[in-house]
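Asks: Just add 205 to wherever you are in the sequence shown, counting from 1, and you've got my numbering.
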Amino acid sequence: MHCGFCLPSCASYLALGSEMDSPRGRIHALKAIEAGELRLDATVASHFDSCLGCLACVSACPSGVRYDQLIEATRPRLNAPELRSPAQQLWRRLLFGVLPYPKRLRALLQPLRAYAGTPLQTLIRSIGLTQVLGPQLAAMEQLLPPLSAESFSDSLPRVVPAAGERRYRVGLLLGCVQRVFDPAVNQATAAVLAANGIEVVIPPDQGCCGAVTHHQGEEAQTRALAAALVRSFAAAGPLDAVLVSASGCGHSLKAYGRLLADAAPELAAAAGELAAKAFDVQEFLAQVGLTAAFEAALRPLPHPDGSPASAERPLTLAYHDACHMLHGQGISAAPRQLLRAIPHVRLREPLEQGVCCGSAGIYNLVQPAEAELLGTRKADDLRSTGAQIAVSANIGCSLQLRRHLEGLPVQHPMQLLARSYGAGPAS
Ligand code: SF4
Ligand code: SF4
206 MHCGFCLPSC ASYLALGSEM DSPRGRIHAL KAIEAGELRL DATVASHFDS
256 CLGCLACVSA CPSGVRYDQL IEATRPRLNA PELRSPAQQL WRRLLFGVLP
306 YPKRLRALLQ PLRAYAGTPL QTLIRSIGLT QVLGPQLAAM EQLLPPLSAE
356 SFSDSLPRVV PAAGERRYRV GLLLGCVQRV FDPAVNQATA AVLAANGIEV
406 VIPPDQGCCG AVTHHQGEEA QTRALAAALV RSFAAAGPLD AVLVSASGCG
456 HSLKAYGRLL ADAAPELAAA AGELAAKAFD VQEFLAQVGL TAAFEAALRP
506 LPHPDGSPAS AERPLTLAYH DACHMLHGQG ISAAPRQLLR AIPHVRLREP
556 LEQGVCCGSA GIYNLVQPAE AELLGTRKAD DLRSTGAQIA VSANIGCSLQ
606 LRRHLEGLPV QHPMQLLARS YGAGPAS
């Protein structure tokens, strides 16, 4: 309980340097609260709020301490009104009322179409005008990516047929934030799957998986979102798997059996079934294997100067492990294995592999100062690898990395595979 092996892996400890903001300190505080020696007031709650829920401490702990279960059980208590200021409560209500609902998010973003990704945005940022919005809104503005037409409507069909002989029939989760802020990832994922003989079914009424609210202890809303998603995938007919290309969502889906265990028996059974079939898309592809035809069709990707990568001059990639992929699902080899299938690619590993980038669901919107420190630290680490492209398989991390890695592209492994196959934009 006291060894402290978890401390070097703990992002909040690295950012704040205080024992109270480490797993060991929080476990100590929990024991004191339990023993009646410490009152859970706003100050104590702030030390739990500083936790990113990245689960790195769980991977690091040699004694098998399940900090993840401790913090998950604690989060709902942190939402007591007396523990947050009215402004914090309002901000959270806004985030939970918009982010998990693509229609609402799209409506809110409509007026920003003429701003996001334009020279006006660059100008406003460069003169620091966003800071007048306050730290939270400024953080949101900093994460705002360019918005394409695809951001405002789900352009994928209900079924993307397999190319050639069908090997599997899978469902695809679009993700509430990913479909709006990075729709190209879902398009690339469907293209790669179809090219590998996998039929992709996309339930049109699918909503949010509940990852964002689950992470923040909003239990009732999470269960409602999960139940709706289970129903929409149950209506899709028989599926060999349900695939996810955002690791935060994948981690959430895999917990549905436990989350909805005490729901009505039919719903609980369907939730357990969905959880058992949930895979990260890379985990699934690495397990079932790329087809020989797909692998044979992969071509070298271009360098930033447009020249193709070659054996003498490979393209250098740095893969960023999303916490909910690495620590939450234990997946690290599969994405690297798939990336190595692309000809003339060289993978470099950052030094602080496994340390959170500061995104962590809505962490960078509710704890912007700490997230800023962690984002800068992660960007420096990725840059120091000499990578020409940073690779991220989680939408939250991708937005956070793009915000801090100006000039260095951030791509999803599925986008790189699709481009190498010739199913994506050339550069
Ligand atoms: S949580 Fe695990 S690694 Fe951290 S101090 Fe306790 S025993 Fe050590
Ligand atoms: S979940 Fe992450 S931020 Fe929270 S205590 Fe563990 S390592 Fe630290």
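Every residue, glycine too, gets a C-beta built ideally from N, C-alpha and C.
Is the Cβ-Cβ distance between residue 609 and residue 627 less than 8 Å?
Replies: Numbered from 1 along the sequence shown, position 404 holds the residue referred to as residue 609. Numbered from 1 along the sequence shown, position 422 holds the residue referred to as residue 627. Not a contact, by the Cβ cut-off of 8 Å.
Asks: Report whether the distance from the Cβ of residue 536 to the nearest heavy atom of ligand 1 is below 7 Å.
Replies: As a first step, residue 536 must be located in the sequence shown, where it is residue number 331. Not so, every heavy atom of ligand 1 lies at least 7 Å from the Cβ.
Asks: How about residue 351 and residue 322: are their beta carbons less than 8 Å apart?
Replies: Residue 351 sits at position 146 when you count from the first residue of the sequence shown. Residue 322 sits at position 117 when you count from the first residue of the sequence shown. Yes.
Asks: Quick check: the Cα distance between residue 460 and residue 369, rounded to an integer number of angstroms?
Replies: Residue 460 sits at position 255 when you count from the first residue of the sequence shown. Residue 369 sits at position 164 when you count from the first residue of the sequence shown. Roughly 34 Å between the two C-alpha positions.
Asks: Check whether the region 256 to 264 and the region 528 to 540 touch, using three or more Cβ-Cβ pairs below 8 Å as the test.
Replies: yes
Asks: Give the DSSP-derived three-state secondary structure of residue 309 in the structure shown.
Replies: Within the sequence shown, the letter at position 104 stands for residue 309. Note: residue 309 maps to helix in three-state DSSP.
Asks: For the pair the region 292 to 308 and the region 578 to 595, tell me if three or more CB-CB distances fall below 8 Å.
Replies: no
Asks: Do residue 214 and residue 572 have their C-beta atoms closer together than 8 Å?
Replies: Numbered from its first residue, the sequence shown carries residue 214 at position 9. Numbered from its first residue, the sequence shown carries residue 572 at position 367. Their beta carbons are not under 8 Å apart, which means residue 214 does not touch residue 572 by this criterion.
Asks: Should residue 207 be counted as a contact of ligand 1 given a C-beta to heavy atom distance under 7 Å?
Replies: Reading the sequence shown from its first residue, position 2 is the one you call residue 207. Indeed, a heavy atom of ligand 1 lies less than 7 Å from the Cβ.
Asks: Relative to ligand 1, is the shortest distance from any of its heavy atoms to the C-beta of residue 253 smaller than 7 Å?
Replies: Residue numbering aside, residue 253 sits at position 48 when the sequence shown is read from its first letter. No.
Asks: Where residue 604 and residue 240 are concerned, what is the direct C-alpha to C-alpha distance, given to the nearest angstrom?
Replies: Sequence index remark: in the sequence shown, residue 604 carries index 399 (1-based). Sequence index remark: in the sequence shown, residue 240 carries index 35 (1-based). About 41 Å.
Asks: If you draw a straight line from the alpha carbon of residue 243 to that of residue 338, how long is it in whole angstroms?
Replies: As a working mapping, residue 243 is identified with position 38 in the sequence shown. As a working mapping, residue 338 is identified with position 133 in the sequence shown. Roughly 36 Å separates the two Cα atoms.
Asks: Considering only their Cβ atoms, is the gap separating residue 399 from residue 449 smaller than 8 Å?
Replies: Mapped onto the sequence shown, residue 449 falls at position 244. Mapped onto the sequence shown, residue 399 falls at position 194. For residue 449 and residue 399, no; Cβs fall outside 8 Å.
Asks: Note down the Cα distance separating residue 425 from residue 386, rounded to an integer number of angstroms.
Replies: For the purposes of this step, residue 425 is taken as residue 220 along the sequence shown, with counting starting at 1. For the purposes of this step, residue 386 is taken as residue 181 along the sequence shown, with counting starting at 1. C-alpha separation (whole angstroms): 26 Å.
Asks: Apart from the five residues on each side of it in sequence, which residues of its chain come closer than 7 Å, Cβ to Cβ, to residue 346?
Replies: Against the sequence shown, residue 346 aligns to sequence position 141. Within the same chain, 335, 338 come within 7 Å of residue 346 by CB-CB distance, once the 5 residues on both sides are set aside.
Asks: For residue 631, name the three-state secondary structure that DSSP assigns.
Replies: For the purposes of this step, residue 631 is identified with residue 426 of the sequence shown, where counting begins at 1. Low local confidence applies: a pLDDT of 44 at residue 631 is under 50, so the model's placement there is unreliable, and no value is given.
Asks: So, is residue 532 buried or exposed, given that buried needs 16 or more other C-beta atoms within 10 angstroms?
Replies: Along the sequence shown, read from residue 1 onward, the residue named residue 532 stands at position 327. So residue 532 counts as buried.
Asks: With the cut-off set at 8 Å, would you say residue 223 and residue 575 are in Cβ contact?
Replies: Counting from one through the sequence shown, the residue named residue 223 turns up at place 18. Counting from one through the sequence shown, the residue named residue 575 turns up at place 370. Contact: no.
Asks: Can you determine whether any heavy atom of ligand 2 sits closer than 7 Å to the C-beta of residue 272, and answer yes or no?
Replies: By 1-based counting over the sequence shown, the position of residue 272 is 67. Yes, since a heavy atom of ligand 2 falls inside the 7 Å radius drawn around the Cβ of residue 272.
Asks: Using only the alpha-carbon positions, how far apart do residue 606 and residue 583 sit?
Replies: Along the sequence shown, read from residue 1 onward, the residue named residue 606 stands at position 401. Along the sequence shown, read from residue 1 onward, the residue named residue 583 stands at position 378. The straight-line gap from Cα to Cα measures roughly 8 Å.
Asks: Where are the alpha helix (DSSP H) runs, 4 residues long or more, that stay fully inside the region 226 to 266, in chain order?
Replies: 228 to 239, 247 to 254, 261 to 265
Asks: DSSP on residue 520, reduced to helix/strand/coil?
Replies: Sequence index remark: in the sequence shown, residue 520 carries index 315 (1-based). In this structure, residue 520 counts as strand in the three-state DSSP scheme.
Asks: Quick one, are the C-beta atoms of residue 319 and residue 283 less than 8 Å apart?
Replies: Your numbering for residue 319 matches position 114 in the sequence shown. Your numbering for residue 283 matches position 78 in the sequence shown. Cβ atoms of residue 319 and residue 283: not closer than 8 Å.
Asks: By Cβ distance below 6 Å, which residues in the same chain neighbour residue 427 in space, the five residues on each side in sequence not counted?
Replies: As a first step, residue 427 must be located in the sequence shown, where it is residue number 222. In the same chain as residue 427, and ignoring 5 residues on each side of it, the C-beta atoms closer than 6 Å to its own belong to 415, 418, 419, in chain order.
Asks: Between the C-alpha atoms of residue 247 and residue 281, what's the straight-line distance to the nearest angstrom?
Replies: Your numbering for residue 247 matches position 42 in the sequence shown. Your numbering for residue 281 matches position 76 in the sequence shown. Approximately 14 Å, taken between the alpha carbons.
Asks: Tell me, please, whether the region 370 to 377 touches the region 393 to 408 by the rule of three or more beta-carbon pairs shorter than 8 Å.
Replies: yes
Asks: Taking just the CA atoms, how far does residue 219 sit from residue 185?
Replies: Shown here, the chain extends from 206 to 632; a query on residue 185 therefore has no answer.
Asks: In three-state terms, what does DSSP make of residue 552?
Replies: As a working mapping, residue 552 is identified with position 347 in the sequence shown. In this structure, residue 552 counts as strand in the three-state DSSP scheme.
Asks: Shortest alpha-carbon distance to residue 486 belongs to which of 453, 552, 233, 305?
Replies: If you number the sequence shown from 1, residue 486 lands on position 281. Considering only alpha carbons, the answer is 453.
Asks: Run the CB neighbour count on residue 632, radius 10 Å, all protein chains shown included, and call it buried at 16 or more, exposed below.
Replies: Your numbering for residue 632 matches position 427 in the sequence shown. Summary for residue 632: the model assigns pLDDT 42, below 50, so the residue's position carries little reliability; its value from the coordinates is reported in the next sentence. Classification of residue 632: exposed, given that the 10 Å Cβ count is below 16.
Asks: Sorted by chain position, which residues of the same chain lie with C-beta nearer than 8 Å to residue 534's C-beta, five sequence neighbours on each side aside?
Replies: Reading the sequence shown from its first residue, position 329 is the one you call residue 534. Cβ within range, chain order: 452, 455, 456, 459, 485, 488.
Asks: Would residue 513 pass as a contact of residue 507 if the rule is Cβ separation under 8 Å?
Replies: On the sequence shown, residue 513 is found 308 positions in, with the first residue counted as 1. On the sequence shown, residue 507 is found 302 positions in, with the first residue counted as 1. The answer is yes: Cβ separation under 8 Å.
Asks: What are the partner residues of residue 404, as DSSP defines its beta bridges?
Replies: Within the sequence shown, residue 404 is the residue found at index 199, counting from 1. Note: residue 404 sits in a beta bridge opposite 374.
Asks: State buried or exposed for residue 494, treating a residue as buried only when at least 16 other CB atoms are found within 10 Å of its CB.
Replies: As a position in the sequence shown, residue 494 is number 289, starting the count at 1. It counts as exposed.
Asks: Can you tell me whether residue 567 is buried or exposed? The criterion is at least 16 other CB atoms within 10 Å of its CB, across all chains shown.
Replies: Position 362 of the sequence shown holds residue 567. With 16 or more other Cβ atoms within 10 Å, it is buried.
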